[in-house]
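Chains as they are written, first to last, in my numbering: chain A, 43 to 228; chain B, -4 to 97. Glycine included, each C-beta is placed from N, C-alpha and C at the ideal position. Predicted model only: the values in this text are computed from it and were never measured.
This is the structure in structure tokens:
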């Protein structure tokens, strides 16, 4: 047995000792597979080590999620708010509403960020010889922001995050309507 | 509880669908799907947690360490077939495709 395979085995045996109780069988399974990895390959020992490293990340992620859950419970009991488990019991409508609100929040945060950056953008434009006007503001700040919001919404939609996408689009639409009304009244 | 049907999950479902009644090993699944252990095992865990996969220890010869095996439960097989059919009929991307209730 080469050094990498020995290291892999030691790593998984160490993981077996510190893995969460309910995942210990899985770590045992990962360890057992080591005996069959790369038997037909010249680099089998290294394959075994990479296998063990991958398994290590799995166990660490499981541990992290357990700690996060524990921390969440502690915070929930401390502040008297609902735990994550209770949150997961929210009905589908509630989750969708939460998603839409999250989308609105993200788009608003993005808009506020751009609002604070507008002077920087205006200075940059001035440096290249473009005077500050309503149209430069629209073309350099609002239009790119709208495009970013729409593209982000499309990406989120494709990733099955439709409620967040709807929230972002909604905010983008309101922002666009505001611009149109402002331009019309000028 | 929802199961996100990532491309990697679909790969695993397809691998199990090839010979649904057969028990499969982790390393063999890794080789057939091309997934690394760090990706494969969390997915197997989630599928098993949702009772879509059943797991067992191989009863082998004395002195030889047992090996963990996996195969579809009846619900898992039905779920995978439904998803395969949904993809074949072009319903990829529909929200219902990415959800499994466990």
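Status (buried if at least 16 other CB within 10 Å, exposed otherwise) for residue i
i: residue 157 of chain A; result: exposed
i: residue 25 of chain B; result: buried
i: residue 53 of chain A; result: buried
i: residue 107 of chain A; result: exposed
i: residue 119 of chain A; result: exposed
i: residue 95 of chain B; result: Any reading at residue 95 of chain B needs caution, since the residue's pLDDT is 48, under 50, leaving its predicted position unreliable; the model's value is listed next. Result: buried.
i: residue 181 of chain A; result: exposed
i: residue 48 of chain B; result: buried
i: residue 54 of chain B; result: exposed
i: residue 87 of chain A; result: buried
i: residue 115 of chain A; result: exposed
i: residue 78 of chain B; result: buried
i: residue 19 of chain B; result: buried
i: residue 195 of chain A; result: buried
i: residue 185 of chain A; result: exposed
i: residue 172 of chain A; result: exposed
i: residue 88 of chain B; result: Since pLDDT at residue 88 of chain B reaches only 49, below the 50 mark, its modelled position is unreliable, and the value read off the structure follows with that caveat. So residue 88 of chain B counts as exposed.
i: residue 34 of chain B; result: buried
i: residue 97 of chain B; result: No answer about residue 97 of chain B holds up, because its pLDDT of 41 lies below 50 and its placement is not dependable.
Amino acids of chain B, ordered along the chain, whose beta-carbon sits closer than 9 Å to that of residue i
i: residue 157 of chain A; result: Those within 9 Å of residue 157 of chain A in chain B number zero; the least Cβ separation is about 34 Å.
i: residue 100 of chain A; result: 32, 33, 34, 35, 36, 37, 40
Per-residue DSSP class, three states only, for residue i
i: residue 43 of chain A; result: coil
i: residue 64 of chain A; result: helix
i: residue 81 of chain A; result: coil
i: residue 76 of chain B; result: helix
i: residue 66 of chain B; result: strand
i: residue 137 of chain A; result: helix
i: residue 48 of chain A; result: helix
i: residue 49 of chain B; result: strand
i: residue 19 of chain B; result: strand
i: residue 13 of chain B; result: helix
i: residue 53 of chain A; result: helix
i: residue 228 of chain A; result: coil
i: residue 29 of chain B; result: coil
i: residue 90 of chain B; result: Residue placement at residue 90 of chain B cannot be trusted, given a pLDDT of 43 that sits under 50; what the coordinates show is reported in the next sentence. Helix at residue 90 of chain B.
i: residue 214 of chain A; result: helix
i: residue 202 of chain A; result: coil
i: residue 37 of chain B; result: helix
i: residue 85 of chain B; result: coil
i: residue 56 of chain B; result: coil
i: residue 113 of chain A; result: helix
i: residue 107 of chain A; result: helix
i: residue 61 of chain B; result: coil
i: residue 5 of chain A; result: The structure shown has nothing for residue 5 of chain A, since chain A only spans 43 to 228.
8 Å Cβ cut-off: residues of chain B touching residue i
i: residue 74 of chain A; result: 60, 61, 62, 63
i: residue 103 of chain A; result: 37
i: residue 109 of chain A; result: In chain order: nothing, as chain B lies at least about 16 Å away.
Interface partners of residue i on chain B, CB under 7 Å
i: residue 96 of chain A; result: 31, 32, 33
i: residue 79 of chain A; result: 22
i: residue 93 of chain A; result: 32
i: residue 68 of chain A; result: 36, 40
Residues that residue i contacts on chain E, provided the C-beta gap is smaller than 8 Å
i: residue 21 of chain B; result: No chain E is present in this structure, whose protein chains are A and B.
Exercise. If we count Cβ pairs, one from each stretch, closer than 8 Å, do we get three or more for the segment 75 to 90 of chain A versus the segment 11 to 18 of chain B?
Worked result: At 8 Å Cβ cutoff, the stretches do not touch.
For this session: Report yes or no: do the segment 194 to 203 of chain A and the segment 160 to 178 of chain A share at least 3 C-beta pairs separated by less than 8 Å?
Result: Contact fails: fewer than three Cβ-Cβ distances are below 8 Å.
For this session: Take every Cβ of the segment 201 to 221 of chain A, pair it with every Cβ of the segment 135 to 155 of chain A, and state whether three or more of those distances are shorter than 8 Å.
Result: Note that the segment 201 to 221 of chain A touches the segment 135 to 155 of chain A; at least 3 beta-carbon pairs, one per stretch, sit closer than 8 Å.
Problem set entry | Meets three-Cβ-pair contact criterion under 8 Å: the segment 65 to 83 of chain B and the segment 39 to 55 of chain B | yes
Exercise. Contact between the segment 131 to 145 of chain A and the segment 203 to 210 of chain A: three or more CB pairs below 8 Å?
Worked result: yes
Exercise. Is the segment 53 to 72 of chain A touching the segment 83 to 100 of chain A, taking contact as three or more C-beta pairs under 8 Å?
Worked result: yes
Exercise. Considering only residues of the segment 132 to 182 of chain A, which uninterrupted beta strand (DSSP E) runs meet the minimum length of 3 residues and lie entirely inside it, listed in chain order?
Worked result: none
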